[in-house]
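Just so it is clear: in the sequence shown, position 135 is 135 by UniProt numbering, and no numbers are missing. Ideal placement from N, C-alpha and C gives every residue a C-beta, glycine not left out. Every value quoted in this text rests on a predicted model; they were computed, and no experiment measured them.
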Amino acid sequence: MAVLALQQNGFHLYGQHWYRLYEMDLHWVPAENYCRSMGGHLVSIVDRAENDFVHQIRKKNNIWIGLNKLNDTRQVYKWSDGQPADYINWDSTQPNEPKVDCVYMAYSQEQPGTWFDYGCWEHRQQYFVCKLPTP
Numbered sequence: 001m002a003v004l005a006l007q008q009n010g011f012h013l014y015g016q017h018w019y020r021l022y023e024m025d026l027h028w029v030p031a032e033n034y035c036r037s038m039g040g041h042l043v044s045i046v047d048r049a050e051n052d053f054v055h056q057i058r059k060k061n062n063i064w065i066g067l068n069k070l071n072d073t074r075q076v077y078k079w080s081d082g083q084p085a086d087y088i089n090w091d092s093t094q095p096n097e098p099k100v101d102c103v104y105m106a107y108s109q110e111q112p113g114t115w116f117d118y119g120c121w122e123h124r125q126q127y128f129v130c131k132l133p134t135p
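Dropping the structure here:
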């Protein structure tokens, strides 16, 4: 019954996690806080298959993902759920902004599902995907 309720509310099951696209325009930090309030984090991506899955559910939108280097004195990217960034899928032009700390997955015909660095509080607000563990 709980699975059906989650699916009816826009959640998608992949592996051991639930994923949901939120079509709300937020900056990175409020988006992460929203995901935390739901019991998860902005999506972390561990391999190409998961990246392709997230690319499919986000429709044709740029979305925030959990990759960031906030509060890291070494400026090393990590996921907001604490996982190391062992898999990355940067666009061929990225990362190109050493003073920005957050990352989004861009909607791109040329390089689908690739990632771009961007300021967490810049003027761009965008949709996001939350990732929650299964109970």
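May I ask which residues mark the beginning and end of the beta strand (DSSP E) holding residue i?
i	result
F116	W115 to Y118
V103	C102 to M105
N68	I63 to N68
V76	Neither: V76 is in no beta strand (DSSP E) and is coded neither H nor E.
P133	Q126 to P133
Which residue wins for smallest C-alpha separation from residue i, given the options the options?
i	options	result
N89	Q83, S80, Y104 and K99	Y104
S92	D117, W18, I65 and G40	D117
D52	Y87, P133 and G119	Y87
A85	Q16, W18, R48 and Q126	R48
Y19	T114, P135 and C130	C130
residue 137	R124, P133, P135 and Q56	Beyond the ends of the chain as shown, which are 1 and 135, falls residue 137; an answer cannot be given.
A106	S37, T134 and F128	F128
K60	P135, S108 and E122	S108
K99	R74, P135, E23 and I45	R74
Return yes when the Cβ of residue j is within less than 8 Å of the Cβ of residue i, no when it is not.
i	j	result
I65	V29	no
N33	Q126	no
C120	H27	yes
H17	P133	yes
L70	W79	no
Would you give the residue range spanned by the alpha helix (DSSP H) that residue i belongs to?
i	result
R48	R48 to I57
R36	W28 to S37
Assign residue i to one of two classes, buried (16 or more other C-beta atoms within 10 Å of its C-beta) or exposed (fewer than that).
i	result
V76	exposed
D101	buried
G15	exposed
G113	buried
Since residue i contacts residue j with CB under 8 Å, what's their CB separation in whole angstroms?
i	j	result
L21	G10	7 Å
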